[in-house]
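Colleague:
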Amino acid sequence: MLARDAQRVLVTDGARDTTDASADAVLTLAPPQVQALRVTGAGDTFMAAHMAAETRGMARQDALAHALRTAAAYVAGGPEH
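Numbering (our numbering), first residue to last: 4 to 84.
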């Protein structure tokens, strides 16, 4: 995707590693492992948490980790964010 001129790419795949990539950095983190009680809306929850974290000035790696924790809590049936 970056080779096709995307400025930034976030790739998630459920419980597998998540990557935030741009021309200057590629960050990959594993999401917390949780018992999945719901999955519909997990991607939206992840993206909203990620965007909100970066908007608040959180560093890229911290924003990615925050989004993964938030999405994992949602999938595990925790409070919606």
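No residue lacks a Cβ here, since even glycine has one placed at the ideal position from N, Cα and C.
Remember, predicted model here, so these are calculated numbers, not experimental data.
(1) Alpha carbon to alpha carbon, what distance is there between GLN36 and ALA23?
(2) Taking the C-alpha atoms as reference points, what is the distance between ARG19 and ALA33?
(3) For THR48, does the count of other Cβ atoms within 10 angstroms reach 16, so buried, or fall short, so exposed?
(4) Give a yes or no on whether the C-beta atoms belonging to LEU30 and LEU67 are separated by under 8 Å.
(5) From the DSSP output, which residues share a beta bridge with LEU30?
Modeller: A quick look at the data gives this:
(1) The residue labelled residue 23 in the question sits at position 20 within the sequence shown. The residue labelled residue 36 in the question sits at position 33 within the sequence shown. Position check: residue 23 holds Asp in this sequence, whereas Ala was assumed. Between the C-alpha atoms of ASP23 and GLN36 there is a straight-line separation of about 19 Å.
(2) Taking the first residue of the sequence shown as position 1, residue 19 is located at position 16. Taking the first residue of the sequence shown as position 1, residue 33 is located at position 30. ALA33 has its alpha-carbon roughly 6 Å from the corresponding atom of ARG19.
(3) Taking the first residue of the sequence shown as position 1, residue 48 is located at position 45. THR48 counts as buried, since no fewer than 16 other beta carbons sit within 10 angstroms of its beta carbon.
(4) Residue numbering aside, residue 30 sits at position 27 when the sequence shown is read from its first letter. Residue numbering aside, residue 67 sits at position 64 when the sequence shown is read from its first letter. LEU67 is positioned such that its CB atom lies closer than 8 Å to that of LEU30.
(5) Translated into positions along the sequence shown, residue 30 becomes position 27. Answer is ASP23.
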